[in-house]
Amino acid sequence: MSSNSGIQIPSRLPLLLTHEGVLLPGSTMRISVETARNMHLVKNRLLKGTSLKSTIIGVIPNTRDPEYDTEDLPTLHSIGTAGLAVQVVGSNWPKPHYTLLITGLCRFRVAQLLKEGPFPLAEVEQLDKLEQYTSPDEMSEAPGPDGELGELSQRFYQAAVQLVGMLDMSVPVVAKLRRLLDSLPRETLPDVLASMIHTSNKEKLQVLDAVSLEERFKKTLPLLTRQIEGLKLLQKTRKPRLDDDKRVLAVRKGGVLPGRQFSLDEEGDDEDGDDTAVLERKVKGANMPEPALRVCLKELKRLKKMPQSMPEYALTRNYLDLMVELPWSKSTTDCLDIRAARVLLDSDHYAMEKLKRRVLEYLAVRQLKSTLKGPILCFVGPPGVGKTSVGRSIARTLGREFHRIALGGVCDQSDIRGHRRTYVGSMPGRIINGLKTVGVNNPVFLLDEVDKLGKSLQGDPASALLEVLDPEQNHSFTDHYLNVAFDLSQVLFIATANSTATIPPALLDRMEVLQVQGYTQEEKVEIAHRHLIPHQLEQHGLTPQQLQIPQDTTQDIISKYTREAGVRSLERKIGAICRAVAVKVAEGHNVTKSEAAPAESVPQGAEHGGRKNSRGKPLSVGQEGGLTDWHSYSIRPCPQTYCSEGKRGRRAEEPDGVSADMAAPPDMPIVIDHIALKDILGPHVFEMEVSERLTLPGVAVGLAWTPLGGEIMFVEASRMEGEGQLTLTGQLGDVMKESAHLAMSWLRSNAKTYQLTNLVGGSDPLEGTDIHLHFPAGAVTKDGPSAGVTMVTVLASLFSGRLVRSDVAMTGEITLRGLVLPVGGIKDKVLAAHRAGVKRVIIPKRNEKDLEEIPANVRKELDFVTASNLDEVLNAAFDGGFPGMSNPLTLPHIVSKL
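Take the sequence shown: its position 608, counting from 1, is numbered 608 in UniProt numbering, and each next residue is one higher.
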C-alpha cells in the first residue's frame, strides 16, 4: 500500500454506548459491557463475526447518568470514534459482563439511526482521513501543513517533546513515547497526547468534537501546557534527591491515565530520602546472612526500576519489608539463675516435677555451654493438666518471648513452610510469621495439638515439621516464601499432644517426649486453692472476704461433680459457684437499710408465713432449705454465710429468734458448705457405683486409658441356652475382640482345672450355651489389649457363679498360655481406680516398675497385686481365692502400703 492510500471504515456501524470515558483516535481503552444493548452487540457482532469489518464498531460517549438508564435509547452524541475490538473477555462474577479492549481509528458522524434493537445500528460518515505510513522516512518526506496550522503543529510538537523530556527516560514506556513523537504524523499527536495526560471527560469530549485539525490543536495545546506547568510546580516543591534515588515518573503504558498521572508519594519513612532509599538502609542494617543480603539487594535493584503501577511492585515491596523485619540477629538474654527459676516454676505450677526438672537441666547445661541448641520437647498428657500453661511458664522462667501456634486441623503444608511467591496471595508460613511477631530469634514456640495434624491434597504438614523439629536441620530452615535459609536452632520448641498414637513415627522420633500424667485428688485440692479459686475470684470481681470455699467442699466438687485427669471441669464448677455468689453480692449492694422494713413492724414469724424452726423459733432470713430458698432469700449489703452444720444462714453468734439481717456482721464472707454446693451445682453427677454394680456373677471392673486420662470400665457377661456362640457388644475394636476369644479359649482349655461347667453340667463351658460379653457406654469406641485379664475374670465369675470382689480393678494383656503381659498408662489407670474408690489394683508383674510414678499418698491407700499369669489374677480377684487352684490361699505378690 502506498503512503497516501486511504482506509475507509464501513458505512454502517453498530454503536457501543459507554459511560466510562471518551475514546479518541489513536488511543486504546478498556470498556466494561454490562447493559443489555451492549451485551447483544458483543454476542451478535463481535463473537459471531468472521471478517475484519465485523470487529469495527462505533463508540459513542453517553452523557446520561448510568443510574438512570432506561430501555429507551438515549439521545446519541453526534460524533463518535470508530474502534477496532482487539480483545473480548467475558466473566460471570459478580454478574455476566464483557470487557473490551478497543483501539480508536478515526472520527465519524452519525448520519442516520437505522435501528435501535437489539443494539443500535447507524449509517455513519467518516470525518478523519485514515492513512497508513510504511516507514518514518516516507512520513518525513510528506509535506507538512503551512501557515497558522503549521505554526500550531510545531508549537504542539515542541510542547510534547518538553513534556516527555521532563520524565525519566530510563523507563521503557517513556522512551517508547519519545520515539513515537518522531514517528507519528503531526495531525495524530493531539488525540494521542490528550488521551495520556490528565484531563477530564468533558475536555476529551471537546477534543473529539474538534473535527477541524486547526481547532483540535487549539483545544489540546492548553491542556498540554497545563500539564507541563503542573510538573514544573511539583519539581520545585520536591526536595533535592541523589541521582540514584530519583523518582520514577512514567505515563501509564497504552493510553488513558485515570486520576493522578504521576506517582510522587512524598511521604517516606525518613526525611533524608524516599522510601526506597530508607528500605535499602534497613536491608543493609538488618545484619542478615550473606545469602539473604544478596537476595534482598537483587530484589531492591529490581524494585527501583519497576513502576509502582505494576502488580509485582507491591509483591516485591512486601517481601523486602518482611526480610528487614525478621530477627536475623536479635535475641534475648536467658535468665540462667536456677534458684530463681525453680521458685518461679513452683509458684506457677503444683506437681509436674518431671517437667520442672527438665527445664532446670536445660538451664544448667546452658550455663556451661552458651551455644547449646534449643531442645525439642513434646508434652503428652490428658486435656486440662497444664501443658500449654507450662510452656508459657517456661518462657517466663527463661526470660524469652512466647508464641503459640495452634496446629489442630491444619492440613496444608504451606501453613508450615509458606507459599511460593509465584502464587497470588502468597504469604510466609506460621514459623516465619511467628518469628516476625515476637521480634527475636530465640523465642519459645509452643506447637499446640501436634497430634491433631491433618493431611490433604495440599500436602502433609507433619512431614513439613520434620525439618523444623530436627536440631541437625533447622539451622538452615527454608521457607518457600523467603526462599533463603533461616536459623531456628536457638528456638525452644515445645509440642503438646494428648496421645502419641496419631503422631507419625518419624516426627515422634525427633522430639523428646515427656509424659504429663493426671492429678490425684490431693493435688487437685492444692491446685484449686493455690491457683483456680483466686483466679476465679478475680475473674468474677469477688474477694476472699466475700466468698470462701473450704477444702472439704473442694474435695466434694472433685469427687462428686468432676471425674477427669485435669482440672478444667473443676475450674468451671468453681466459676459456677462464683457466679451464683456474685448475683447475691450484686443484689446486696442494691438494697439499702432504709429500704428494709423495721423488724418490730412485722409480727414474729409472719415474714415466713408463720413457719418455725425445729426449736419452735421463727425462721431467720435465708434459713429455710432448698434450692428455691437459696435463690430467694432476702439480701443484705453482705450476703448470708453458709455454715458447715447444714443450717444455711445461721451464724454461731446468732441468738434464737434474732433475724440474721439484724445480728450478722456485714463483712462476714459466704462459706460454701455441702448443702450450698448441692443448691448451686445440683445433684451429684458421679457416685461411687462400683460396689452396686458388682452384685451378680459375671461383672468385673477393668482399667482403661484414653486421651482424656484413665477410666474405670465395667465388663458384663451373661449366658443362655444356645449353640456355643460368643457375642461381643459395646463398639469393640479388633484387638479387644481377639482378646475375648483368647479369654474364652483359655477358660475352655482349663475348665476342668477350675471346675467350670455349662448350663447342663458339662465340662465344656460353651456346650449348649451362648455367651454375651458386653462393655457398657456403647457409644464410645473401645480397643486395646489391656482388657484381657478383665474378660477372663468376668467369664470365670460367670461360669463359676462366684462374685468378683467389689473393691478390685485390673488391667493386663493375656496370652493363649495364660501369661499376663505388661501394658501402658499404668499411672493414669491407677489414678482412675483411686478416684473411683477401688482398694485393690491388679497389674502385670512387669509393670511393677511403673508404680514408682504413683504419688506416695495414692500408693498408701491402695493394695497392688502384681500377677505374672492368670492363676494369680483369679486368685486375687475372688475372696478366698478361686476354686480348683493348687494353693488357693496363696496370693500373688502384693505391694501394699508403699
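Ideal Cβ positions, reconstructed from N, Cα and C, are used throughout, including at glycine. Keep in mind the model is a prediction, meaning the values are calculated, not measured.
inquiry  = By the three-class DSSP mapping on this structure, what secondary structure does TYR313 have?
reply    = In the three-state scheme derived from DSSP, where H, G and I count as helix and E and B as strand, TYR313 is classed as helix.
task = Put SER212 into one of helix, strand or coil per three-state DSSP.
result = If DSSP states are grouped into helix, strand and coil, SER212 belongs with coil.
inquiry  = What does DSSP give as the partner residue(s) for ILE57 in the beta ladder?
reply    = For ILE57, DSSP records a beta bridge to GLY83.
query = Per the contact definition of three or more C-beta pairs closer than 8 Å, is the stretch 815-826 in contact with the stretch 714-723?
reply = In short, these stretches do not touch, since the Cβ pair count stays below three.
query = GLU653 by DSSP, collapsed to three states: which one?
reply = Confidence in GLU653 is poor, its pLDDT being 40 and thus under 50, which makes the residue's placement unreliable; the coordinate value appears in the next sentence. Reduced to three states, the DSSP call for GLU653 is coil.
inquiry  = I'd like to know if the stretch 90-101 and the stretch 114-127 are in contact, where contact means that at least 3 CB-CB pairs between them fall below 8 Å.
reply    = Output reads no: the stretch 114-127 does not touch the stretch 90-101.
task = Buried or exposed for PHE686, please, with buried defined as at least 16 other CB atoms from any protein chain shown within 10 angstroms of its CB.
result = Per the 10 Å Cβ criterion, exposed.
query = Measuring from the CB of PRO96, is there a heavy atom of the ligand ADP at a distance below 7 Å?
reply = Of ligands this structure carries none, so the ligand ADP is not represented either.
Residues near ASP460 by beta carbon distance below 7 Å, same chain, minus five either side = Excluding sequence positions up to five before and after ASP460, its CB lies within less than 7 Å of the CB of GLN413, all in the same chain and listed in chain order.
query = Can you tell which of GLU564, VAL491, ILE527 has the C-alpha that lies nearest to the C-alpha of GLY439?
reply = Cα-wise, what sits closest to GLY439 is VAL491.
task = Check whether the Cβ of ASN750 lies closer than 8 Å to any Cβ atom in chain B.
result = The chain labelled as chain B is not found in the depicted structure, where only one protein chain is given.
Cβ neighbours of LEU570 in the same chain (closer than 7 Å, five flanking residues each side left out) = Excluding sequence neighbours, LEU570 sits near LYS524, ALA528, LEU532, ILE557, ILE558, THR562.
task = Quick one: residues in its chain with C-beta nearer than 7 Å to the C-beta of LEU213, no 5 flanking neighbours on either side, listed in chain order?
result = If we look at LEU213 and ignore the five residues flanking it on each side, its Cβ neighbours are LEU149, GLU187.
request  = Please classify HIS475: does DSSP put it in a helix, a strand, or coil?
outcome  = Residue state, collapsed to three classes: helix.
task = Closer than 6 Å by C-beta to HIS834: which residues in its own chain qualify, once you throw out the five before and the five after it? Chain order, please.
result = VAL858, listed in sequence order.
inquiry  = For the alpha helix (DSSP H) containing VAL735, name the first residue and the last one.
reply    = If you look at VAL735, you'll find it in the alpha helix (DSSP H) that goes 734-749.
key: alpha helix (DSSP H) runs contained entirely in the stretch 500-576, provided each spans 4 or more residues   = Counting only unbroken stretches of 4 or more residues, the alpha helix (DSSP H) elements lying wholly within the stretch 500-576 are 505-509, 521-527, 533-539, 551-560, in sequence order.
key: Presumed contact (8 Å Cβ cut-off) between LEU708 and THR793, rounded CB distance   = In fact, because the Cβ distance is near 25 Å, the residues do not count as touching under 8 Å.
request  = Could you spell out where the alpha helix (DSSP H) holding MET352 opens and where it closes?
outcome  = That residue, MET352, is in no alpha helix (DSSP H); it is neither H nor E in DSSP.
Straight-line gap, SER27 to PHE108 (C-alpha atoms, nearest Å) = Their Cα atoms are separated by approximately 16 Å.
request  = Determine, using beta carbons only, whether GLY58 and ALA85 come nearer to each other than 8 Å.
outcome  = No; because the gap between Cβ atoms is not below 8 Å, this pair is not in contact.
request  = Pick out whichever of LEU73, ALA565, ARG281 has its Cα sitting closest to the Cα of LEU320.
outcome  = Looking at LEU73, ALA565, ARG281, the one whose alpha-carbon comes closest to that of LEU320 is ARG281.
GLN517 versus THR811: straight-line alpha-carbon distance, rounded = Computed Cα separation, rounded: 18 Å.
request  = Please classify ARG357: does DSSP put it in a helix, a strand, or coil?
outcome  = The DSSP-derived three-state label of ARG357 is helix.
message = Considering only DSSP beta bridges, list what LEU113 is partnered with.
response = Residue pairing by DSSP places LEU113 opposite ALA122 in a beta bridge.
ask   = If you run the structure through DSSP and keep just helix, strand and coil, what is ALA580?
value = Here ALA580 sits in helix by DSSP.
message = According to DSSP, is LEU711 part of a helix, a strand, or is it coil?
response = Here residue 711 turns out to be Glu, not Leu, going by the sequence shown. In the structure shown, GLU711 adopts extended strand secondary structure according to DSSP, grouped into three states.
task = Could you pull the start and end residues of the beta strand (DSSP E) that VAL841 belongs to?
result = Start and end: 840-844.
message = At 3 residues or longer, what runs of the beta strand (DSSP E) sit wholly inside the stretch 395-457?
response = Segments of the beta strand (DSSP E) lying fully in the stretch 395-457: 402-406, 444-448.
query = Which one of GLU813, SER739, ASP552 has the shortest CA to CA distance from ILE675?
reply = In terms of Cα proximity to ILE675, the closest of GLU813, SER739, ASP552 is ASP552.
key: Unbroken beta strand (DSSP E) run spanning ARG30, endpoints   = Judged by DSSP secondary structure, ARG30 falls within the beta strand (DSSP E) whose first and last residues are 28-33.
task = For MET736, collect the residues of the same chain with a Cβ closer than 7 Å to its Cβ; drop the 5 residues on either side in sequence, then sort them by chain order.
result = Result list for MET736: LYS782, ASP783, GLY784, ALA787, in chain order.
ask   = Which residue from LEU465, SER426, PRO443 puts its Cα closest to that of CYS411?
value = Of all alpha-carbon atoms in LEU465, SER426, PRO443, the one lying nearest the alpha-carbon of CYS411 is that of LEU465.
message = In this structure, how does DSSP classify CYS296 when only helix, strand and coil are distinguished?
response = Three-state result, CYS296: helix.
key: Segment contact flag, the stretch 799-807 with the stretch 730-746, C-beta cutoff 8 Å, min 3 pairs   = They do not touch, by the three-pair rule.
message = My output table needs one value for ALA836: the three-state DSSP class, helix, strand or coil.
response = Residue state, collapsed to three classes: coil.
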